[in-house]
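Asks: Same order as they appear, the protein sequences are chains A and B.
Numbering-wise (the numbering used here), the first sequence opens with residue 28 and increments by one.
Numbering-wise (the numbering used here), the second sequence opens with residue 121 and increments by one.
Beta carbons are placed, not taken as given, at the ideal position from N, Cα and C, and that holds for glycine.
Structure below; questions to follow.
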Amino acid sequence: MTSDEVWLPTPLPGDHELDTALERISSGGELRPGKLLAPFAIDWLVLLGPTFRLDEVFGAQLDLVPTPLDPDSRVFANPVSTPLADSGTESVWLRSGTGFVGEPGSGRVSLALNHDDGWSPEPGPHEWRATVSAVDGVAGFRGTTQNMVFAVSAAALLLVSLGLFFVARRRR
Amino acid sequence: MKYASLIVGLALAVGVFVIPAPDAPEPGPAAGVVEPPVAVCAIEEGSGRTTEVVILSTIDGATLLTLFASGEPAGSIGQPTGASGSVIIPVVDVAAVGTVGGLVEVPISSSAAGVIVTRAESMSAESCADVPTRQSFITGASTIGGHAFELHLMNPYAGQAVVELVVRSDAGIESNDRFEAVVVPARSSTVVDFTELIPGRETLSIAVETVKGSVMTVGRQSIGHESAVWKAVEGSQDWFLPIPAGGGSKRLLIATPSDTEVQYQIDYYGPEGLEEVYAEGTLSPRGQDSFDLAAITEEAVGVRVISTGPVVPTLWINSDSGLGITTASAVEAARWFLPGAGAIVGGRASVVILSVGIDEAVVSIRSLRAGSLVRAIDLPADSVVEIALETADGYLIESTGPIVAMWVTRRVGAGIAAMGVPILDG
Numbered sequence: 028m029t030s031d032e033v034w035l036p037t038p039l040p041g042d043h044e045l046d047t048a049l050e051r052i053s054s055g056g057e058l059r060p061g062k063l064l065a066p067f068a069i070d071w072l073v074l075l076g077p078t079f080r081l082d083e084v085f086g087a088q089l090d091l092v093p094t095p096l097d098p099d100s101r102v103f104a105n106p107v108s109t110p111l112a113d114s115g116t117e118s119v120w121l122r123s124g125t126g127f128v129g130e131p132g133s134g135r136v137s138l139a140l141n142h143d144d145g146w147s148p149e150p151g152p153h154e155w156r157a158t159v160s161a162v163d164g165v166a167g168f169r170g171t172t173q174n175m176v177f178a179v180s181a182a183a184l185l186l187v188s189l190g191l192f193f194v195a196r197r198r199r
Numbered sequence: 121m122k123y124a125s126l127i128v129g130l131a132l133a134v135g136v137f138v139i140p141a142p143d144a145p146e147p148g149p150a151a152g153v154v155e156p157p158v159a160v161c162a163i164e165e166g167s168g169r170t171t172e173v174v175i176l177s178t179i180d181g182a183t184l185l186t187l188f189a190s191g192e193p194a195g196s197i198g199q200p201t202g203a204s205g206s207v208i209i210p211v212v213d214v215a216a217v218g219t220v221g222g223l224v225e226v227p228i229s230s231s232a233a234g235v236i237v238t239r240a241e242s243m244s245a246e247s248c249a250d251v252p253t254r255q256s257f258i259t260g261a262s263t264i265g266g267h268a269f270e271l272h273l274m275n276p277y278a279g280q281a282v283v284e285l286v287v288r289s290d291a292g293i294e295s296n297d298r299f300e301a302v303v304v305p306a307r308s309s310t311v312v313d314f315t316e317l318i319p320g321r322e323t324l325s326i327a328v329e330t331v332k333g334s335v336m337t338v339g340r341q342s343i344g345h346e347s348a349v350w351k352a353v354e355g356s357q358d359w360f361l362p363i364p365a366g367g368g369s370k371r372l373l374i375a376t377p378s379d380t381e382v383q384y385q386i387d388y389y390g391p392e393g394l395e396e397v398y399a400e401g402t403l404s405p406r407g408q409d410s411f412d413l414a415a416i417t418e419e420a421v422g423v424r425v426i427s428t429g430p431v432v433p434t435l436w437i438n439s440d441s442g443l444g445i446t447t448a449s450a451v452e453a454a455r456w457f458l459p460g461a462g463a464i465v466g467g468r469a470s471v472v473i474l475s476v477g478i479d480e481a482v483v484s485i486r487s488l489r490a491g492s493l494v495r496a497i498d499l500p501a502d503s504v505v506e507i508a509l510e511t512a513d514g515y516l517i518e519s520t521g522p523i524v525a526m527w528v529t530r531r532v533g534a535g536i537a538a539m540g541v542p543i544l545d546g
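Okay, here's the thing in structure tokens:
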């Protein structure tokens, strides 16, 4: 499924920030595009198709490293990217389910995700990003009741449909 | 049960037709093209040479000089331009390096950087390059006896660059595998020593064609103890060149990187005003013509070169006051920076201003240093003037009409000729 086959959610502040960063990069006015993309935890950039404006832009910048991984595309590594969950220490936080786990601490963990009060424990925004307390060593997410109802309803509808299918087959 | 499953099936079918497809993503308006406010400078340090990087700006803002060599930053230093809008950074304060590149980040696009290299018996200066081009061209080099020439290719960026050199000399197109696929590693410089590769050539023109990445290029000519540095630039069809007063060997070189014949005409701004079509001629493919300017007059004059294809005119001066080489300007502007003019201790600096407007211009000459001084002059249309400069980090020339400005510095046996940097915005 590609982005033109789905309904994208309403852009949030982080999306606008990323849009602004990409616009600045594509204008050629940014000498360090990797640093600009670092807060979004973007580790790789891949240019596809025929060469275009960004090929020229990435030929004159300081911190995205061309990496010949794929002969059909132009791949750039971003060595200055921040982790998706950044504790600000050497402690590494890794993805676990819909959240992250890491070493418990007294500080806060910054997530390169739009802020949402569904994050725990002790969620709080930092600019557009979500942050949580590192005290439990776990960052979890619980969606809104409405979204949970939609998800449960979709699962229930699927189960009902399957049930009806099998019951109908048996009756025949 | 049958009806229930039918209802669910119908609901899904209706959904397929009723629920609209998402709107196709629309690309936003194309981002405007902006050049980052940077300049790339050719640095020579050690072996008795001292390099200073001069940064001028229309505002008081932060600057950062980073030297790059062998794939890594060799050192960096940040300094503000201060209230005067100028700062001079000795390279020795940044790192102990040899022939390397330096990346200068300036606070705003209306800024300029230049490099001054001095040693006991010689000096050279050139403004730093700001925009890499796919093809650049340099002419005025020589490797005949006593002459040495090298090409300094600089790549401050994160990706490797590869260039092809198309070299034309008095012997014709030069063939040498060292001119093919010249690699300039990321954050590094590559120096091509033409004296070693093709000695004994009286004239050399070199087209630097970028195959991959981005490269800025300068040429470095030595004659005995004297030396000059000048940038490779993109060919153009319309050039302006103010020419300082003085005798000795003073030549105008016009060369083309084109594979086809190019016709040109020279308009001459002399003591009697503008003389259109003072000379004209045809350049053979990748050919070069030379004019002895000192034979015409020793006064300050100017020329405009108009051509049917890309050319690059270069001023070549070798006199008792030393060697100076600089490329003409492809633009006219109302404001010019002269980074390094007046900054060399013991040198006599002057600015040469060519007025190319149709009206008289009022030109102000502002020294950039603590305790800045401003002098204003009236400059008739189509005229040239050379004015002595005081000690400063550099100069800002502002005019009510379009002008072209270059500067020279002379001391016994050593000289500099350097085109100014036009301020095109900000």
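Going by DSSP, what residues sit across from LYS370/B in a beta bridge?
Replies: Locating residue 370/B in the second sequence gives position 250, counting from the first residue. LYS370/B is bridged to ILE437/B.
Asks: Run through DSSP, which three-state label would ASN141/A get?
Replies: Counting from 1 along the first sequence, the entry for residue 141/A is found at position 114. Here ASN141/A sits in strand by DSSP.
Asks: 8 Å is my cut-off, CB to CB: does SER309/B come that close to chain A?
Replies: Here residue 309/B corresponds to residue number 189 of the second sequence, with the count starting at 1. Closer than 8 Å: no.
Asks: Excluding the five sequence neighbours on either side, which residues of its own chain have a C-beta within less than 8 Å of the C-beta of LEU81/A, listed in chain order?
Replies: Numbered from its first residue, the first sequence carries residue 81/A at position 54. Excluding residues within five positions, the ones whose Cβ falls inside 8 Å are ILE52, SER53 and LEU74.
Asks: From VAL162/A to LEU45/A, what distance separates their C-alpha atoms?
Replies: Position 135 of the first sequence, counted from the first residue, corresponds to residue 162/A. Position 18 of the first sequence, counted from the first residue, corresponds to residue 45/A. If I take the Cα positions, the gap works out to 29 Å.
Asks: By Cβ distance below 8 Å, which residues in the same chain neighbour ARG406/B in space, the five residues on each side in sequence not counted?
Replies: What you label residue 406/B is simply residue 286 of the second sequence in a count that begins at 1. Same-chain partners within the cutoff: VAL286, ARG288, ILE293, SER325, ALA327, ALA375, THR376, PRO377, SER378 and ASP379.
Asks: What residue range does the beta strand (DSSP E) around LEU35/A cover?
Replies: Here residue 35/A is taken as the residue at index 8 of the first sequence, counted from 1. Counting along the chain, LEU35/A falls outside any beta strand (DSSP E), and DSSP gives it neither H nor E.
Asks: Starting from HIS43/A, trace the beta strand (DSSP E) both ways and give me its first and last residue.
Replies: The count along the first sequence starts at 1 and reaches residue 43/A at position 16. HIS43/A -> not in any beta strand (DSSP E); alpha helix (DSSP H) instead, spanning 40–54.
Asks: Secondary structure at TYR398/B, three-state DSSP: helix, strand or coil?
Replies: If you number the second sequence from 1, residue 398/B lands on position 278. Reduced to three states, the DSSP call for TYR398/B is strand.
Asks: Check this for me: beta carbons of LEU458/B and THR446/B, under 8 Å apart or not?
Replies: Within the second sequence, residue 458/B is the residue found at index 338, counting from 1. Within the second sequence, residue 446/B is the residue found at index 326, counting from 1. Result no, Cβ atoms of LEU458/B and THR446/B do not sit closer than 8 Å.
Asks: Would you give the residue range spanned by the beta strand (DSSP E) that GLU506/B belongs to?
Replies: Counted from its first residue, the second sequence places residue 506/B at position 386. From DSSP, the beta strand (DSSP E) with GLU506/B extends over 504–508.
Asks: When DSSP labels each residue in this structure, what does GLN357/B get in the three-state scheme?
Replies: Within the second sequence, the letter at position 237 stands for residue 357/B. Strand, per DSSP.
Asks: Going by the beta-carbon positions, is the gap between ILE175/B and SER231/B smaller than 8 Å?
Replies: Within the second sequence, numbered from 1, the residue matching residue 175/B stands at position 55. Within the second sequence, numbered from 1, the residue matching residue 231/B stands at position 111. Going by C-beta atoms, ILE175/B is nearer than 8 Å to SER231/B.
Asks: Have a look at ALA352/B, LEU187/B and GLY129/B and flag the residue whose alpha-carbon is nearest the alpha-carbon of PHE192/A.
Replies: The count along the first sequence starts at 1 and reaches residue 192/A at position 165. Ranking the options by Cα distance to PHE192/A, first place goes to GLY129/B.
Asks: Just by C-beta distance, which residues in the region 267–293 of chain B are closer than 9 Å to chain A?
Replies: Against chain A - using a Cβ distance shorter than 9 Å - the residues of the region 267–293 of chain B are PRO276, TYR277, ALA278, GLY279, GLN280 and ALA281.
Asks: Which of helix, strand or coil does DSSP assign to PHE188/B?
Replies: Sequence index remark: in the second sequence, residue 188/B carries index 68 (1-based). Three-state DSSP puts PHE188/B in a strand.
Asks: For SER427/B, count the other beta carbons within 10 Å of its own beta carbon; 16 or more makes it buried, fewer makes it exposed. Which is it?
Replies: As a working note, residue 427/B is residue 307 in the second sequence. SER427/B comes out buried.
Asks: Just curious, the alpha helix (DSSP H) that ARG197/A is in, first and last residue?
Replies: Taking the first sequence and counting its residues from 1, the one referred to as residue 197/A is at position 170. Residues 172–198.
Asks: Report the residues of the region 80–101 of chain A with a CB closer than 9 Å to any CB of chain B, ordered along the chain.
Replies: Flagged, chain order: ARG80, GLU83, PHE85, GLY86, ALA87, GLN88, LEU89, ASP90, LEU91, VAL92 and PRO93.
Asks: Among LEU372/B, SER404/B and VAL431/B, which residue has its Cα nearest to the Cα of ALA415/B?
Replies: As a first step, residue 415/B is located in the second sequence; it is residue number 295 there, counting from the start. The residue with the shortest Cα to Cα distance from ALA415/B is LEU372/B.
Asks: By the three-class DSSP mapping on this structure, what secondary structure does THR178/B have?
Replies: As a first step, residue 178/B is located in the second sequence; it is residue number 58 there, counting from the start. Note: THR178/B maps to coil in three-state DSSP.
Asks: Could you tell me whether the Cβ atoms of ALA512/B and LEU499/B are closer together than 8 Å?
Replies: For the purposes of this step, residue 512/B is taken as the residue at position 392 of the second sequence. For the purposes of this step, residue 499/B is taken as the residue at position 379 of the second sequence. Contact: no.
Asks: So, for SER100/A: in the same chain, excluding its five sequence neighbours on each side, which residues have a beta-carbon less than 7 Å away from its beta-carbon?
Replies: Indexing the first sequence from 1 puts residue 100/A at position 73. Within the same chain, SER100/A has close Cβ partners VAL73, LEU74 and LEU75.
Asks: If the cut-off is 9 Å on Cβ atoms, which residues from the region 31–56 of chain A count as contacting chain B, listed in chain order?
Replies: Those would be ASP31, GLU32, VAL33, TRP34, LEU35, ASP46, LEU49, GLU50, ARG51, ILE52, SER53, SER54, GLY55 and GLY56, in chain order.
Asks: Which first and last residues belong to the alpha helix (DSSP H) in which THR315/B is found?
Replies: Walking along the second sequence from the start, residue 315/B turns up at place 195. Note, THR315/B: alpha helix (DSSP H), 314–317.
Asks: If contact is defined by three or more beta carbon pairs under 8 Å, each pair taking one atom from either stretch, is the region 159–173 of chain B in contact with the region 212–222 of chain B?
Replies: Segments in contact, yes.
Asks: Which residues mark the beginning and the end of the beta strand (DSSP E) in which GLU117/A is found?
Replies: Numbered from its first residue, the first sequence carries residue 117/A at position 90. Neither: GLU117/A is in no beta strand (DSSP E) and is coded neither H nor E.
Asks: Within 10 angstroms of the Cβ of ALA537/B, are there 16 or more other Cβ atoms? Answer buried if so, exposed if not.
Replies: Your numbering for residue 537/B matches position 417 in the second sequence. ALA537/B comes out buried.
Asks: The beta strand (DSSP E) with VAL338/B in it runs from where to where?
Replies: Against the second sequence, residue 338/B aligns to sequence position 218. 336–343 is the extent of the beta strand (DSSP E) around VAL338/B.
Asks: In terms of residue numbering, what span does the beta strand (DSSP E) encompassing ARG486/B cover?
Replies: As a first step, residue 486/B must be located in the second sequence, where it is residue number 366. Start and end: 481–488.
Asks: Just checking: is the beta-carbon of SER188/A within a distance shorter than 8 Å of some beta-carbon in chain B?
Replies: Here the question's residue 188/A lines up with position 161 in the first sequence. It does: the Cβ of SER188/A has a partner Cβ on chain B nearer than 8 Å.
Asks: Note down, in chain order, all residues in the region 446–467 of chain B with a beta-carbon under 8 Å from any beta-carbon belonging to chain A.
Replies: Here the close residues number zero.
Asks: Quick one: using the 10 Å Cβ neighbour count with 16 as the cut-off for buried, is ASP412/B buried or exposed?
Replies: Working through the second sequence from its first residue, we reach residue 412/B at position 292. The residue in question, ASP412/B, is exposed, as its Cβ has fewer than 16 Cβ neighbours within 10 Å.
Asks: Could you check whether ALA245/B and ALA159/B sit closer than 8 Å to each other, using their CB atoms as the reference points?
Replies: Working through the second sequence from its first residue, we reach residue 159/B at position 39. Working through the second sequence from its first residue, we reach residue 245/B at position 125. No, Cβ-Cβ distance for ALA159/B and ALA245/B is not below 8 Å.
Asks: Going along chain A, which residues have a C-beta under 9 Å from GLY333/B?
Replies: The sequence position of residue 333/B within the second sequence is 213, counting from 1. Within chain A, the residues near GLY333/B are GLY86, ALA87 and PRO93.
Asks: Please confirm whether ALA420/B and VAL471/B have their CB atoms less than 8 Å apart.
Replies: Locating residue 420/B in the second sequence gives position 300, where the first residue counts as 1. Locating residue 471/B in the second sequence gives position 351, where the first residue counts as 1. Not closer than 8 Å, so no.
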